Structure formats: C-alpha cells, structure tokens
Amino acid sequence: MSITKNNKEQRPIIIETRGINNDGTWIHSEGSDYIFYYRFDSWNEEQKEVMRSAFIRALQVPNKIKEAVKETSGEEVVNGLYTSNSQAMIKALNTITGMSQTNAVKRQLIGNGTIQDANAQLFNDILSGVGGTVNPMRDYLNRAMAATQATAAGNTTAQHLGTTITLLSLVPGLNIALTSVVYAVSTATSAAVLIKHKCSNNTTRFSYNVDYTKVGYSYQEPV
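The letter at position 127 of the sequence shown is residue 236 when you use my numbering, and the numbering goes up by one with no holes.
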C-alpha cells in the first residue's frame, strides 16, 4: 500500500511503498522523473535523515538533465522520454557539473508476459541492488510508464527511445548518500513491441526480446 504525501507548497508528490520483504520502504516521486531509494528499517535516525535530505535535493537532478539536453540538442523532454541518440545524450549528461560516467552495459529484456510484467522486469534490472523487488510499486510504475510509452507511440520519427532513472544509496558506516543516474536506451525498432501495448492492459500476453543499453553515471552535488 502506498502513502502519498503532498505539502501545501505544491512540491513533488513523494510516495512511500512498503517493500515486499517487510525490511524497508521504497521512497519515490510521482510522475515520470523516476527517482528512487530504499529506506531500510535497520537504519538509525541519522541515516534516515541523511537519505531524506539527499532525496529532496536529488529531485532536481531530472530537471538538470532536461535542461542539459535542451541546451545541447534542442530536444524538449516530455513524460520522461528522451529521443536523442546515445552520443547526444552522453554529451548532454557530461555537461552537467558533478556528473561522471561510470559504465555502459548492453542488456536484453526477454520474456513472455503482459506489458506490466515487462515494465517490472525492466525496473527490477535497473534498480537491482538498491532494495528489494519493485513489484510493490507496480501501480506507480505502470502509471508513469503509461505516459512515457504514450509519448513514444506518438513520435513516429524517433530512432531512439530512452529515459533516465535517478537512484540513491547509503554508504555503510559513513552515513553518506550516493546519487547515481542510469540512462536506459533502446532503438525504436527494438522497443516497438513494448510501445504498442498500453500499460493499462494486464491481460494480453506477448513475447518480447528488446535490446537496450544502460549507461551509468555518478552524480556529486556541486558545493
């Protein structure tokens, strides 16, 4: 069950979703900016505050990325969808102060299930190591991905379809929050099998085999 908190200043809506293993809670924002961390029950109050504060500051990271993309390629980002090619996106990310590329890994999304199964599989791969399974967040992920996929379906000229996910984690023993960004991108041709299925449909099963690349970045907030 998710608890939504929205203050009077109209800041981003923050959602708390209890983890399936009952050892912590997913903290994430509503919408398609895709920002996450997993608050473990075992953390002390200082650690919880470190992560809470870091998460609030990290809410600006997607805006920095959108601004960088706009300045370097002229692309207007809508509903978390980036249509620039990988080289243009990497160029944009590299212009952000404090952003450093750490890796690039080719992945495959393979299965036979519904579009919601595919979405969960994708986010389980990207968020692996942050917390438990993303399954408790399926309702949120499908709401957010519905908007991203609808935007992709409406763009018939894009050759690349990508999004960014911002992740936070706690360094054990140091009480320091680490912020990282994953840019996940596929060709429009490879992702077409996913785009044609609406996220609201959890009954139609289909086979999918999608090639995509995860480009990882570490982000150090400028002092």
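Ideal Cβ positions, reconstructed from N, Cα and C, are used throughout, including at glycine.
Given the structure is predicted, the values throughout are model-derived calculations rather than measurements.
- Query: If you run the structure through DSSP and keep just helix, strand and coil, what is Ile112?
  - Reply: Low local confidence applies: a pLDDT of 38 at Ile112 is under 50, so the model's placement there is unreliable, with the coordinate-based value given in what follows. Here Ile112 sits in strand by DSSP.
- Message: When you compare the CB positions of Thr192 and Leu303, do they come within less than 8 Å of one another, or not?
- Response: no
- Nearest candidate by alpha-carbon position, reference Thr296, set Thr266, Cys308, Ile285: Of all alpha-carbon atoms in Thr266, Cys308, Ile285, the one lying nearest the alpha-carbon of Thr296 is that of Thr266.
- Item | Beta-carbon spacing of Gly235, Ile274 below 8 Å | Just to set this straight, residue 235 is Ile in the shown sequence, not Gly. In this structure, Ile235 places its C-beta atom within 8 Å of the C-beta atom of Ile274.
- Item | When Tyr143, Ser327, Ala229, Ala293 are compared against Val214, the one with the closest alpha-carbon | Ala293
- Where Lys323 sits in the DSSP three-state scheme: strand
- Task: Give the single residue among Gln258, Leu283, Lys323 whose Cα lies nearest to the Cα of His306.
- Result: Gln258
- Tell me which same chain residues have a C-beta within less than 6 Å of the C-beta of Ala255, skipping the five on either side of it? Cys308
- Query: From this set, Lys175, Ala227, Tyr321, Asn251, which residue's C-alpha is nearest Asn203's C-alpha?
  - Reply: Distances from the CA of Asn203 to each of Lys175, Ala227, Tyr321, Asn251 were compared; the closest alpha carbon is that of Lys175.
- Is the Cβ-Cβ distance between Tyr146 and Phe164 less than 8 Å? yes
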